[in-house]
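Residue numbers (our numbering): 99 to 305.
Using N, Cα and C, we set each Cβ at its ideal position, and we do this for glycine too.
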Ligand SMILES: CC(C)(COP(=O)(O)OP(=O)(O)OC[C@H]1O[C@@H](n2cnc3c(N)ncnc32)[C@H](O)[C@@H]1OP(=O)(O)O)[C@@H](O)C(=O)NCCC(=O)NCCS
C-alpha cells in the first residue's frame, strides 16, 4: 500500500487535460477548503446532488463535511478538481471520495462534476486518475454504487470498462465494478507511478 505522508499531501497533486485542452488540477482536500467545498455541493443542481449522495440532500451535514476535509481519516480520502480563477483563487469543479480496503483489495469511490463542467470529459479524466490512485494502493478491484436511474454515471462507467451487478442491499442501486491488474511501473500517472514504485522498493528493502 502506498505510504502517504499525510503532512505532505500536496506532493500528490495531478494535472488533467480535457479534450478541449483545459488543464484541471486534482489535489487532496485541505481543512481550509471546508467553506468552498460546502459551497460547491450547495451549488450543484438538486439532481446532481441527489445522484451524488444517492438521495435527497440540500446541505451537506457538518459531520459529512468534517469527514471530507479530514483526508486519510478511517482510510478515506477526498480530492477536488480545481481551475484557477483570475483573482488567484481556485474554483472547485469536481470532487471524488475514495477508500481502499486491504482485506478485499477493493478501491471504492464516488465522484461528482459540477453541472457547468459536465459533458466535457472531466468525469472520464477524473475516473482515470482514480484508477491510478487505486493501482498505487495495489488494488485489484474498483467498485462504485449509483442509482439505477443515473444514466450519465452508468454510461461513464460502461465506457471506462466497468461491468454491472445487482447491489447486495438496495434495489434502487446498481454496483459497477472493474478488475485491474497494473504493475507499479505501468501506472499511467507519474506521481502515482513513483509513489507505488517507492512503496514497492521500501517493502523489498525491509523484507
Ligand atoms: C456522472 C458524471 C460524473 C459524469 O461526468 P461528466 O464530466 O459529465 O462525464 P464526461 O463528460 O467525462 O463523459 C464521459 C462519458 O459519460 C457518458 N455521459 C456523460 N454524461 C452523460 C449523460 N448525461 N447521458 C448519457 N451519457 C453520459 C458519455 O458516454 C460520455 O462519453 P462521451 O463524451 O465520449 O460520449 C456527472 O454527470 C456528475 O457529476 N453527475 C452528478 C453526480 C453523480 O451522478 N455522481 C455519480 C455517483 S457515483
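By alpha-carbon positions, which one of the options ends up nearest to residue i?
{"i": "residue 177", "options": "146, 200, 123, 222", "result": "123"}
{"i": "residue 250", "options": "161, 129, 146", "result": "146"}
{"i": "residue 116", "options": "297, 235, 227, 223", "result": "223"}
{"i": "residue 213", "options": "127, 132, 139, 126", "result": "139"}
{"i": "residue 231", "options": "125, 118, 129", "result": "125"}
{"i": "residue 141", "options": "246, 296, 111, 215", "result": "215"}
Might you give, ordered along the chain, the residues of its own chain that have their beta carbon closer than 7 Å to the beta carbon of residue i, omitting 5 neighbours on each side?
{"i": "residue 237", "result": "198, 203, 204, 205, 278"}
{"i": "residue 182", "result": "188"}
{"i": "residue 144", "result": "none"}
{"i": "residue 148", "result": "154"}
Tell me which same chain residues have a C-beta within less than 6 Å of the C-beta of residue i, skipping the five on either side of it?
{"i": "residue 274", "result": "242, 255, 260, 262"}
{"i": "residue 276", "result": "240, 259, 260"}
Suppose you measure from the CA of residue i to the CA of residue j; what does that come to, to the nearest Å?
{"i": "residue 135", "j": "residue 190", "result": "7 Å"}
{"i": "residue 281", "j": "residue 270", "result": "36 Å"}
{"i": "residue 240", "j": "residue 121", "result": "25 Å"}
{"i": "residue 283", "j": "residue 227", "result": "16 Å"}
Grouping DSSP H, G and I as helix and E and B as strand, with all else coil, what is residue i?
{"i": "residue 304", "result": "Any answer about residue 304 is weak, because its pLDDT of 47 lies below 50 and its placement is not dependable; what the coordinates show is given next. In this structure, residue 304 counts as helix in the three-state DSSP scheme."}
{"i": "residue 128", "result": "coil"}
{"i": "residue 284", "result": "helix"}
Can you give me the Cβ contacts of residue i inside the same chain, cut-off strictly under 8 Å, excluding the 5 residues immediately before and after it?
{"i": "residue 220", "result": "114, 116, 122, 179, 191, 192, 211"}
For this session: Give me every residue whose Cβ sits closer than 6 Å to any heavy atom of ligand 1, in chain order.
Result: Here the list is 146, 149, 150, 208, 209, 210, 211, 216, 217, 218, 219, 220, 221, 222, 242, 244, 248, 249, 250, 251, 253, 254, 257.
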